[in-house]
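Have a look at the structure below before the remarks.
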């Protein structure tokens with residue numbers, strides 16, 4: 080059953096990748112496609128990407144034990160600090176944290192720790208300028224619990240019209256930071272960040288539409 084569900088998810092994600100390949104802002108599927116093409120084989124991923132998770136698992140083949148760390152349920156934001164612990168446990172392997180912008184804001188102080196202790200984790204932010212997971216959950220509740228035909232509504236306080244400048248904050252803490260809007264820049268940016276051997280933040284703008 081799990082294998083069948085995984086195959087279905089991959090097929091849907093691959094179709095989304097094809098349909099939205101040239102979208103602007105880029106789709107989560109395009110983002111993960113570009114990331115996957117740049118990862119060394121021994122990379123460890125800390126997945127706190129939340130609503131981009133299906134795209135992560137469809138694009139990146141996690142064939143080795145310990146190559147992916149994630150969670151099901153619980154609180155958002157664990158990935159920022161969790162990635163530091165993973166890197167300390169595996170100093171000879173690249174560690175990349177793929178983190179939603181909402182999650183990153185909850186534990187952004189991890190960047191200070193990364194800078195202060197020189198822990199070379201690469202944070203790749205899925206920046207859809209919103210708490211997209213809250214919107215999705217609201218729609219599910221209204222459709223399946225309240226039985227409303229049209230779940231769309233005003234999503235109060237769930238959008239970030241003035242998003243936290245995560246790349247700028249990284250720079251203020253002495254960390255390499257870069258904003259990426261063009262998907263064609265992402266592959267090289269990942270490669271360069273790994274080569275630095277220092278903590279880095281790549282703040283990637285993606286489509287947050289439901």
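Residue numbers (my numbering): 80 to 289. Here a beta-carbon is modelled for each residue, glycine too, at the ideal position from N, C-alpha and C.
Between the alpha carbons of residue 223 and residue 289 lies a distance of about 17 angstroms. The criterion of a C-beta distance shorter than 8 angstroms is satisfied by residue 93 and residue 137. As a beta-bridge residue in DSSP terms, residue 176 pairs with 125 and 202. In this structure residue 256 touches residue 282 by the C-beta definition: roughly 7 angstroms separates them, less than 8 angstroms. Within the same chain, and ignoring the five residues on either side of residue 166 in sequence, the residues whose Cβ sits closer than 6 angstroms to its Cβ are 174, 198 and 200. Along the length of the region 190 to 253, whole alpha helix (DSSP H) runs at least 4 residues long occupy 211 to 219 and 245 to 251, reported in chain order.
In the pairwise beta carbon analysis, the region 241 to 254 is classified as not touching the region 212 to 227: fewer than three pairs are separated by under 8 angstroms.
Counting along the chain, residue 256 sits inside the beta strand (DSSP E) bounded by residues 255 to 259. Sixteen is the threshold: when 16 or more other Cβ atoms of the shown chains lie within 10 Å of the Cβ of residue 268, as they do, the residue is buried. At a Cβ-Cβ threshold of 8 angstroms, residue 262 and residue 159 do not count as neighbours.
DSSP places residue 115 in the uninterrupted alpha helix (DSSP H) bounded by 107 to 115.
Here residue 172 has 121 and 123 as same chain residues with Cβ atoms under 6 angstroms from its own Cβ, once five neighbours each way along the sequence are excluded. With 16 or more other Cβ atoms inside 10 Å of its own Cβ, residue 161 counts as buried. Rounded to the nearest whole angstrom, the C-alpha separation of residue 163 and residue 141 is 20 angstroms. Between residue 147 and residue 126, the gap from beta carbon to beta carbon is short of 8 angstroms. If you check the CB distance, residue 204 and residue 133 do not come in under 8 angstroms. If you compare the alpha carbons of 196, 118 and 100 with that of residue 270, the shortest gap goes to 118. Residue environment analysis places residue 193 among the buried positions, since at least 16 neighbouring C-beta atoms fall within 10 angstroms of its C-beta.
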